[in-house]
Amino acid sequence: PQKVTLADAAKLEDGTKVIISGVVSNIAEKDAWSTQYNNMSVTITDATGSFYVLRTNTKVELGDFITLEGEIGSYKESKQLAQGATAVITKATALDAAANLDDDTEVVIKGTVSDIAEKDAWSTQYNNMSVTLSDGTNTFYVFRTNTKVELGDVIVVVGKIGSYKESKQLAQGSYAVILEKAPTEGGEEGGEEGGEEGGETTTPGALTNKFDVTVLPVEGTDASSYKDRTSEDGWVATGARVDKAATLTG
47 PQKVTLADAA KLEDGTKVII SGVVSNIAEK DAWSTQYNNM SVTITDATGS
97 FYVLRTNTKV ELGDFITLEG EIGSYKESKQ LAQGATAVIT KATALDAAAN
147 LDDDTEVVIK GTVSDIAEKD AWSTQYNNMS VTLSDGTNTF YVFRTNTKVE
197 LGDVIVVVGK IGSYKESKQL AQGSYAVILE KAPTEGGEEG GEEGGEEGGE
247 TTTPGALTNK FDVTVLPVEG TDASSYKDRT SEDGWVATGA RVDKAATLTG
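Counting in this note's numbering, the final residue of the sequence shown is number 296, and the numbers go up one at a time with none missing.
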């Protein structure tokens, strides 16, 4: 069988025998390991795209780098790897161990994006960026990966070892698969503040607080200046007018 990229695999005829590799990027709940049938279905991703693997006989985990040999199949006009393929698993190399590898060694590493220097931010000209990965104890520099990631993302990166001024790094041209997105602002703390009290929102030109009263600013004033006003303020400040009154329920 020929080894092909996932993008090329998607162009092949059903029944074609292939070898494909990629990072396990998704395992749908319905596709998890079946103890009854001893198989599972996964989506894998490489630098060229993603590909669905139907019922591999090997139990794998999210983030594993796997190589499979099997036949191309189809389902509803979408290409996939047909049932029955066996996977060879490559686990991520620890960051401290990666620092001891020889240049040009192919490697898979995993960590959290802990730093993106301003000079290393995503380049729209070259479609790459450089980041520092952390496992909580050790860090490793990834030079110009082709995947756009964000601070706090948990990623798996596939590439080759390189060096710069005697320091090991991942060489230019790697690709990353995001396993977990960075938490968004206003997570747990914001959720509490957005509860029963303080759940209302302020939009430009109108304010609703504990009482259903709308306040509109006079032309030239900033609506945001009224966002913290309460019933004790009388609801109307200099430079504002009451546009509509409603029954007070508080």
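The C-beta atom is built at its ideal place from N, Cα and C for all residues, glycine as well.
- Taking 8 angstroms as the cut-off, the beta carbon of Thr191 is found no closer than this to the beta carbon of Ser160.
- Asp161 carries a strand assignment under DSSP once its states are collapsed to helix, strand and coil.
- Across the structure, Ser124 and Phe97 are spaced so that their CA atoms are roughly 9 angstroms apart.
- When Cβ pairs closer than 8 angstroms are counted between the two stretches, the region 159-176 is seen not to touch the region 138-147, the count staying below three.
- In the three-state reduction of the DSSP assignment, Lys227 falls in the coil class.
- The beta carbon of Glu117 sits closer than 7 angstroms to those of Gly61, Thr62, Lys63 and Ala128, all from its chain and outside the five residues before and after it, given in chain order.
- The alpha carbon of Leu114 has as its nearest neighbour, out of Tyr121, Leu179 and Gly130, the alpha carbon of Gly130.
- When secondary structure is reduced to three states using DSSP, Leu141 falls in the helix class.
- Going by C-alpha positions, Val195 is about 37 angstroms away from Tyr83.
- Three or more beta-carbon pairs separated by less than 8 angstroms are not found between the region 206-214 and the region 175-185, which leaves the two stretches without contact.
- DSSP lists no beta-bridge partner residue for Asp199.
- For Asp92, the enclosing beta strand (DSSP E) covers residues Met86 to Asp92.
- In the DSSP annotation of this structure, the continuous segment of the beta strand (DSSP E) that includes Ala133 starts and ends at Thr132 to Thr136.
- For Ala74, the three-state secondary structure derived from DSSP is coil.
- Around the beta carbon of Ser87, 16 or more other beta carbons lie within 10 angstroms, which makes this residue buried.
- Looking at the DSSP output, Gly208 shares a beta bridge with Gln215.
- Leu114: not part of any alpha helix (DSSP H); member of the beta strand (DSSP E) spanning Phe111 to Tyr121, first to last residue.
- Within the same chain, Cβ atoms closer than 7 angstroms to the Cβ of Ala53 are found at Thr94 and Gly95, the five residues on either side in sequence being excluded.
- Using a Cβ distance threshold of 8 angstroms, Gly109 and Val70 count as a contacting pair.
- Sixteen is the threshold: when 16 or more other Cβ atoms of the shown chains lie within 10 Å of the Cβ of Lys214, as they do, the residue is buried.
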